[in-house]
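Student:
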Amino acid sequence: MEVLPCGRGLILSLIFFLLKFTTATEIPLSVQQVPTIIKQSKEQVAFPFDEYFQIECEAKGNPEPKFRWTKDDKPFHPTDPRIIVSNNSGTFKIPNEGHVSHFQGKYRCFAFNNLGVAMSEEIDFIVPSVPKFPKEKIEPLEVEEGDPIVLHCNPPKGFPPLHIYWMNIELEHIEQDERVYMSQDGDLYFANVEEKDSRNDYCCFAAFPRLRTIVQKMPMKLTVSSLKHANESSSSTEINSKANSIKQRKPRLLLPPPEKNDFSSITILKGETLLLECFAEGLPTPQIEWNKVDGDLPKGRETKENYGKTLKIESVSFQDNGLYRCTANNFLGMTSHIFNVTVEEPPYWIRKPQSGVYSTGSSGILLCEAGGYPRPTITWRINGAHPDTHPFVGDVILSEEISFTNLHPNHTAVYQCEASNVHGTILTNANVDVVDVLPLIETKDEENYATVVGSSAFLHCEFFASPEAVVTWQTVDAAKPLEGQRYHVYENGTLQIRRATEEDAGSYSCWVENAIGKTAVTANLDIRNATKLTVSPKNPRVHKSHMLELHCESKCDSHLKHSLKLSWSKDGEGFEINGTEDGRIVIDGANLTIANVMLEDQGLYSCSAKTSLDSVTETTQVTVLDVPDPPANLHLSERQNRSVRLSWEARDDHNSNISEYIVEFEGNREEPGRWEELTRVQGEETTVVLPLAPYVRYQFRVMAVNEVGRSRPSQPSDHHETPPAAPDKNPQNIRVQASQPKEMIIKWEPLKPMEQNGPGLEYKVSWKPQGAPEEWEEETVTNHTLRVMTPTVYAPYDVQVQAINQLGSGPEPQSVTLYSGEDYPDTAPVIHSVDVINSTLVKVEWSTIPKDRVHGHLRGYQVNWWKTRSLLDGRKHPKEVNILRFSGQRNYGMVPSLEAFSEFHLTVLAYNSKGPGPESVPYIFQTPEGVPEQPSFLKVIKVDKDTVTLSWGLPKKLNGNLSGYLLQYQIINDTYDIGELNEINITSASKASWHLSNLNAATKYKFYLRACTSKGCGKPVTEESATLGEGKYAALYEDICTQGWFIGLMCAIALLTLILLTVCFVKRNRGGKYSVKEKEDLHPDPEVQSAKDETFGEYSDSDEKPLKGSLRSLTRDMQATGSADSLVEYGEGDHGLFNEDGSFIGAYATSKEKGSVESNGSSTATFPLRA
1351 MEVLPCGRGL ILSLIFFLLK FTTATEIPLS VQQVPTIIKQ SKEQVAFPFD EYFQIECEAK
1411 GNPEPKFRWT KDDKPFHPTD PRIIVSNNSG TFKIPNEGHV SHFQGKYRCF AFNNLGVAMS
1471 EEIDFIVPSV PKFPKEKIEP LEVEEGDPIV LHCNPPKGFP PLHIYWMNIE LEHIEQDERV
1531 YMSQDGDLYF ANVEEKDSRN DYCCFAAFPR LRTIVQKMPM KLTVSSLKHA NESSSSTEIN
1591 SKANSIKQRK PRLLLPPPEK NDFSSITILK GETLLLECFA EGLPTPQIEW NKVDGDLPKG
1651 RETKENYGKT LKIESVSFQD NGLYRCTANN FLGMTSHIFN VTVEEPPYWI RKPQSGVYST
1711 GSSGILLCEA GGYPRPTITW RINGAHPDTH PFVGDVILSE EISFTNLHPN HTAVYQCEAS
1771 NVHGTILTNA NVDVVDVLPL IETKDEENYA TVVGSSAFLH CEFFASPEAV VTWQTVDAAK
1831 PLEGQRYHVY ENGTLQIRRA TEEDAGSYSC WVENAIGKTA VTANLDIRNA TKLTVSPKNP
1891 RVHKSHMLEL HCESKCDSHL KHSLKLSWSK DGEGFEINGT EDGRIVIDGA NLTIANVMLE
1951 DQGLYSCSAK TSLDSVTETT QVTVLDVPDP PANLHLSERQ NRSVRLSWEA RDDHNSNISE
2011 YIVEFEGNRE EPGRWEELTR VQGEETTVVL PLAPYVRYQF RVMAVNEVGR SRPSQPSDHH
2071 ETPPAAPDKN PQNIRVQASQ PKEMIIKWEP LKPMEQNGPG LEYKVSWKPQ GAPEEWEEET
2131 VTNHTLRVMT PTVYAPYDVQ VQAINQLGSG PEPQSVTLYS GEDYPDTAPV IHSVDVINST
2191 LVKVEWSTIP KDRVHGHLRG YQVNWWKTRS LLDGRKHPKE VNILRFSGQR NYGMVPSLEA
2251 FSEFHLTVLA YNSKGPGPES VPYIFQTPEG VPEQPSFLKV IKVDKDTVTL SWGLPKKLNG
2311 NLSGYLLQYQ IINDTYDIGE LNEINITSAS KASWHLSNLN AATKYKFYLR ACTSKGCGKP
2371 VTEESATLGE GKYAALYEDI CTQGWFIGLM CAIALLTLIL LTVCFVKRNR GGKYSVKEKE
2431 DLHPDPEVQS AKDETFGEYS DSDEKPLKGS LRSLTRDMQA TGSADSLVEY GEGDHGLFNE
2491 DGSFIGAYAT SKEKGSVESN GSSTATFPLR A
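See below:
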């Protein structure tokens, strides 16, 4: 072995050349190799609450390693019966059985076989003692007020960290401030004591959290006596002042201790936290200041704590070396102390020696470089021993490297490099294995691989070979290596096939060859279809607060569906499986739903599909639209009497262009807080000149508008006040209102506050008779109404209204024509004729009244009529007045809805806006007969095989002398096909029933009955029934059984029977007997039951059902059965009620008034007919 102190440059020139022959490839355990430690303990602390303490050391190698230990650099044999040793490793356990302290020390593990020895770092096994304060008697301390004092804690030694607290016996912390301070070693300092510091329970507590232990020092008693240097007559304030003045003194450092003078040195390790502390006694309490003598304190890493007494610098570096000064001062003087801080560092690795596998005859080099301060010392070992004890021929050992050449198998060994300084030691192992073997392929033969079209395929061929080997790949069908840019073989033997196609599927062979020989394995490759994704909608734009649904449609190879997994993310951050916790975003597989979309939901959403072979991501950009943010920074400029320029700044439009701005104002002339729109500005503009009204104190605000809606209003602008001016306009909508004749109440729309232009607004009202030459009459008012009495009724007047304020009058007003108050008409029309059109309709003609008798604006004429008696029986009728109005200047009208065959009285009157005038002389007329209403009912009272008996009731209104009835009938069936219509004229008006014979058996018929007068027959009443069959009642029962009342009756009988049977059963079980009454109830009289059955034939279905076929014989040539004056029929034509005006329908009203001819209480309805 040759050790050279120099020649380093020559060796370094060969380093990179030699390194390429070194490989860090892990040797398979099937190949012989030196031991490698794969697990070891670091520091081990024997905490008292642990069950056992394990010191680990595990290694691998071939042959299998054995283990030995040292303790404190002396051999240690774990054969002690108190130690539990693990099989096949160096690990052992020390049970916590009270003898643990015997094993405290520094351990080192050695793993060895016949090829070499691996060595662990030192393992420090620490057995901490249980910390305790010594039992001692602490003498009470007594000091005078203003003196300094230190209460010493002297905590016991224990396993760090140590936390110290000063508390009283009630576990309340002693308050610390500028005057009271606890140092890092736990002593409690008082710069000057006060009377309140007196107490007999100062307790120091030392806490060791890793030991789960807190210990307490015996309580200390401190008594502070007060100084009294004043006369007894002196006040308390004077006494304290004089006492303090005697004790006042300049600062003196208590920490660092005075024996260190004004300079001390501190060493700290790089990366730790530096704590420098200063505490000074004095009165007044000194203030502490810090500075760095040879530089500045590090910004961002330095803090001053405990009222400036502690300087804390975190993560110290070598730049923090230097002198630090603390200065204590009060108004009497100052003192200081300098700390010389030195930053050092334990060893750390810059470059570790690397393990390597070498072949016979090769060369190599091991480099070992460590950093630290002071500079670490490097020590080499071979197989755990000094190199001199295990020399290898050709090794060249320098301080930080070992090189070797022409290696042989017996050169196999484990090299250790150890770096150490005063702050610690580090050690690492480097294996040198000299091996010559046939290539060993570790990848299984016939391994199956798969990839997707377009992706890369990787076929593995992991191997170990020494000497170095060459790897070639080929298809099983071809005898030559793969060539082309798509193929690449990595150093570890893996084949990459880029941009795979379906044609690449098949079997491949991997050949590994070195100087010893060659080996091969086969790999099989399958090609699958690539996974594809589509996200919809693409790049959606959604309004805030709306809902958004994203769908991710995937398509993948059938072989990959079982492994397909979809996931969603936003801006690169994935969602939880089901969405967000609040449930607003829900993920259901391929669907992502966002409810109540918010602005922060905007972003790039990605749907990712992952299978066992590939992954693909598709994105969509979600844009959230919202109303714009309010405009900001409103500014007023170019201030004028009638205008001002308003400018503003646009804010975020939230992805929708601003289309316009709305400018609103608030004026002091309107109600406070009421904003009104003033103007609108195009979206690209941010300034506008606003037109203003005089005498207004304005404030403006702006809203931005986009396709989503309006923004919130901006903050209001500054105020702008315009000067007053005369009115610009006069009142509008001048009108008249009068409640009595000759009165004229003039009204108008007052000017709005924004239109008044100045203070003292009034209105000048002028009027005169229209066309008269006299002067205008005038009156000025402050409200918007004026009452004027005129000499004549309903006379036209010219009226003007002009606005006036303190600064002048408005523009020249325009005249309007108004009329004075109306009076009632004072004459009645004359009725010329009443023409009877039919039994319910008459035409009335009258003469109009002169215009000068109207005394106002003629609104129309009113017709009143009432029935006096019936011509059928001559009975008188109580007076019930009906009213019908016809608007406009006309002299006739149609009066509808009269009762036939009756006598009526009729009057006409004129009316204006004031009301109705006097009535005309009553005109008496009579209405002729009409057709009757339909009979009140029609029933089938008896049915037989070929006969039916019908019964009916009189019509409610006969409308004349009843002459008889018309009975019609025909065969019908369930499909409403009809047979021939038969009819019978019943000439007796008193007849109330009819017996029909010669009908078909078991046949259904429909019957029609009409009442008749000399004017014709009215509407029919109908009924259906069926005749009985031969020897059975099937048809009848079929008809009855379909009736609802029959079904209900049967259900009631069944329920009643069930109840009676239940009662009988209960009474029989109780031994009771039926009474005669109960028997009668159970067996009703057959005659009574028969009487009930007769009601079946009285059922009447009066609904008229549509029938198929001709109804020609039903209508015949008879007159209309409806009322001839139905309101719907009055339209066009000479004899129609609406031949002049279409407003009749719905305007008719009836008012009933009994006894009086006056119509004051009757209700009226107006029909505006064309004149």
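The numbering of the sequence shown is my numbering, which starts it at 1351 and goes up by one. Where is the CB? At the ideal position from N, CA and C, for every residue including glycine.
1) Which of the three DSSP states, helix, strand or coil, is assigned to P1737?
2) Are the Cβ atoms of E2016 and L2028 separated by less than 8 angstroms?
3) Is G2314 closer than 8 angstroms to C2362 when the C-beta atoms are compared?
4) Should D2451 be labelled buried (16 or more other beta-carbon atoms within 10 Å of its own) or exposed?
5) Measuring alpha carbon to alpha carbon, tell me which of L1883, P2370, T2299, I2274 ends up nearest E2283.
6) For Q1394, which of T2198, V1477, E1899 has the nearest alpha-carbon?
7) Got a sec, what are the start and stop residues for the beta strand (DSSP E) C1459 sits in?
8) Can you give me the Cβ contacts of L2208 inside the same chain, cut-off strictly under 7 angstroms, excluding the 5 residues immediately before and after it?
9) Strictly by DSSP, which residues pair up with P2274?
10) Please report the distance separating the alpha-carbon of K1620 from that of R1701.
11) Three-state secondary structure (DSSP) at M1532?
12) My understanding is that R2085 touches K2097, with C-beta atoms under 8 angstroms, so please give their C-beta distance in whole angstroms.
13) Name, in chain order, the residues that DSSP records as bridge partners for S2127.
14) Which runs of the beta strand (DSSP E) fall wholly inside the region 1877-1918 and span at least 3 residues, in chain order?
15) Among G1658, V1693, L1521, V1500, whose alpha-carbon lies nearest the alpha-carbon of P1607?
16) Helix, strand or coil for V2416, going by three-state DSSP, please let me know.
17) Are the CB atoms of G1496 and N1542 nearer to each other than 8 angstroms?
18) Leaving aside the five residues before and after S1614 along the sequence, list all residues of the same chain whose C-beta is less than 8 angstroms from its C-beta, in chain order.
19) Output the distance between the C-alpha atoms of Q2276 and K2306, rounded to the nearest integer angstrom.
20) Going along the chain, which unbroken runs of the beta strand (DSSP E) with 3 or more residues stay wholly within the region 2187-2219?
21) Which residue from G1774, G1924, L1682, E1852 puts its Cα closest to that of G1804?
22) Can you grab the Cα-Cα spacing for the pair K2229 / E2249, in whole Å?
23) Note down the Cα distance separating D2431 from W2344, rounded to an integer number of angstroms.
24) Compare the C-alpha of K2119 against each of L2168, V2131, E2099, P2073 and name the closest.
25) In the DSSP assignment, what are the bridge partners of A2351?
26) Closer than 8 angstroms is the cut-off here; do at least three beta carbon pairs connect the region 1637-1655 with the region 1715-1731?
27) Once you ignore the five residues that flank V2192 on each side, which residues in its own chain have a CB closer than 7 angstroms to its CB?
28) How many Å lie between F1397 and E1522 at the Cα?
29) Beta strand (DSSP E) containing E1797: first to last residue?
30) What do you get for A1829, buried or exposed, if any count of 16 or more other CB atoms within 10 angstroms of its CB means buried?
31) Assuming G2280 and N2309 form a contact by the criterion Cβ under 8 angstroms, report the distance between their Cβ atoms to the nearest whole angstrom.
32) Rounded to a whole number of angstroms, what is the C-alpha to C-alpha distance between K2079 and E2099?
33) How would you write the range of the beta strand (DSSP E) that T1386 sits in, first residue to last?
34) Return the residue from the list N2335, E1768, V1785 that minimises the CA-CA distance to L1777.
35) Mapping the DSSP letters down to three states, classify T1420 as helix, strand or coil.
36) What's the call for M2094, buried or exposed, on a 16-neighbour Cβ count within 10 Å?
Tutor: Taking the definition as stated:
1) Taken through DSSP and simplified to helix, strand or coil, P1737 comes out as helix.
2) Not closer than 8 angstroms, so no.
3) The answer is yes: Cβ separation under 8 angstroms.
4) For D2451, the predicted structure reports a pLDDT of 36, less than 50, and the residue's modelled location is therefore unreliable. A value from the coordinates is still provided. When all chains shown are included, D2451 counts as exposed.
5) When only C-alpha atoms are compared, the closest one is P2370.
6) Minimum Cα-Cα distance from Q1394 among the listed residues T2198, V1477, E1899 corresponds to V1477.
7) Element bounds for C1459: 1455-1463.
8) Once the five neighbours on either side are set aside, the close Cβ partners of L2208 are Q2239, A2260, N2262.
9) Just to set this straight, residue 2274 is Ile in the shown sequence, not Pro. Looking at the DSSP assignment, I2274 forms a beta bridge with H2255.
10) Cα to Cα, K1620 sits roughly 20 angstroms from R1701.
11) In the structure shown, M1532 sits in a strand (DSSP, three-state: E or B).
12) Yes, R2085 and K2097 are in contact; Cβ-Cβ is about 5 angstroms, under 8 angstroms.
13) Here residue 2127 is Glu; the residue named in the question, Ser, does not match the sequence. Looking at the DSSP output, E2127 sits in a beta bridge with W2117.
14) Entirely contained in the region 1877-1918, the beta strand (DSSP E) runs reaching 3 residues are, in chain order, 1882-1886, 1891-1893, 1898-1905.
15) The shortest Cα separation from P1607 among G1658, V1693, L1521, V1500 belongs to V1500.
16) The three-state secondary structure of V2416, taken from DSSP, is helix.
17) Yes, the pair counts as a contact, with Cβ atoms nearer than the cut-off.
18) Counting only Cβ-Cβ distances below 8 angstroms, and skipping sequence neighbours, we find P1606, H1687, I1688, F1689, N1690.
19) Those two C-alpha atoms are separated by around 21 angstroms.
20) 2191-2197, all fully within the region 2187-2219.
21) If we check each option's Cα against that of G1804, E1852 comes out closest.
22) Cα to Cα, the separation comes out at about 14 angstroms.
23) Annotation note: pLDDT 42 at D2431 (below 50); position unreliable, coordinate value reported separately. About 38 angstroms.
24) Contrary to the premise, residue 2119 reads as Pro rather than Lys in this sequence. The residue among L2168, V2131, E2099, P2073 with its C-alpha nearest the C-alpha of P2119 is L2168.
25) Beta-bridge pairing links A2351 to no other residue.
26) Contact fails: fewer than three Cβ-Cβ distances are below 8 angstroms.
27) Only residues of its own chain outside the window of five on either side were considered, and among them V2184, D2185, V2186, V2245, L2248, F2275 have a CB closer than 7 angstroms to the CB of V2192, listed in chain order.
28) Annotation: F1397 to E1522 spans about 30 angstroms, alpha carbon to alpha carbon.
29) From DSSP, the beta strand (DSSP E) with E1797 extends over 1797-1802.
30) Under this definition A1829 is an exposed residue.
31) Yes, they are in contact, since the Cβ atoms of G2280 and N2309 sit about 4 angstroms apart, within 8 angstroms.
32) Answer to the nearest angstrom: the Cα atoms are 12 angstroms apart.
33) 1383-1390 is the extent of the beta strand (DSSP E) around T1386.
34) That would be E1768, whose Cα lies nearest to the Cα of L1777.
35) Here T1420 sits in strand by DSSP.
36) So M2094 counts as buried.
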